[in-house]
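Using full-length UniProt numbering, the first residue of the sequence shown is number 1, and each one after it goes up by one.
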Amino acid sequence: MEAELSRYRLHVNGRRRAVDVPGETPLLWALREELGLTGPRYGCGVGACGACVSLIDGAAARPCVRSVEDAAGARITTIEGLHDHPVQRAWLELDVAQCGYCQPGQIMSTVALLAEIPNPDDEQIDRALRDNVCRCGTYPRIRAAVRRAAEIVRGDR
């Protein structure tokens, strides 16, 4: 027996989009498969790795464990919705990525962190990113890029 499809209207990256999926479909699948937004990555499917982190109503969230039905009406931002953001500039400046698989989630978690705490200390950075797994171990470069992004936001050179 197939699940019944429903039309859900999502507000993604500043645009209203519609998807026809069962309501319990993970938001991640709707973003990737229905809307073609492949920045949020599938890593674990249980919200443990952070590869899929996107912003939902401005907060870092894991769309692999959030249903489309739950997300309807919320403002969703994926990494594709960022345009020359200070965090992206810092990441490039410090050459953070190694394999790059986790980086969209790391970047989106950092965007949420800096929106809440514009000048985080190392403890706050570590706490905000502790559930974003980087298998390459680029954590020191990630932390440095978070600090650099905060400087860019503040207008420091």
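Virtual Cβ for every residue (Gly too), placed ideally from N, Cα, C. Please read all numbers here as calculations on a predicted model, not as lab measurements.
As a quick exercise: from the options, pick the residue whose alpha carbon is nearest that of residue i.
i, options, result
"A128", "G58, Q98, Q106, H11", "Q106"
"D16", "D131, P86, A51, G81", "With the sequence shown as reference, residue 16 is identified as Arg, and Asp is not the correct amino acid for it. The shortest Cα separation from R16 among D131, P86, A51, G81 belongs to G81."
"G23", "A51, V68, C44", "V68"
"C99", "T138, P120, S109", "T138"
Residue i and residue j: beta carbons closer than 7 Å?
i, j, result
"V53", "A60", "yes"
"V111", "I125", "no"
"L113", "R148", "no"
"V19", "E4", "no"
"L37", "T78", "yes"
Count the other CB atoms, across all protein chains shown, that sit within 10 Å of the CB of residue i; report buried if there are 16 or more and exposed otherwise.
i, result
"V46", "exposed"
"A97", "buried"
"H83", "exposed"
"L92", "exposed"
"A48", "exposed"
"G50", "buried"
Could you compute how far the alpha carbon of residue i sits from the alpha carbon of residue j?
i, j, result
"residue 165", "G39", "Residue 165 is absent from the structure shown; the chain starts at 1 and stops at 157."
"R41", "R130", "17 Å"
"I56", "S6", "21 Å"
"P140", "V153", "20 Å"
"V133", "E2", "35 Å"
"D122", "C44", "27 Å"
"D156", "N119", "12 Å"
"Q103", "V21", "28 Å"
"E116", "R89", "19 Å"
Answer with yes or no whether the minimum CB distance from residue i to chain C is below 7 Å.
i, result
"I152", "The structure shown has no chain C; it contains just one protein chain."
### Query
Is the stretch 19–28 touching the stretch 62–75, taking contact as three or more C-beta pairs under 8 Å?
Touching, yes, given that three or more Cβ pairs across the two stretches are closer than 8 Å.
### Message
I'd like to know if the stretch 6–16 and the stretch 73–91 are in contact, where contact means that at least 3 CB-CB pairs between them fall below 8 Å.
### Response
Result yes; three or more Cβ-Cβ pairs closer than 8 Å.
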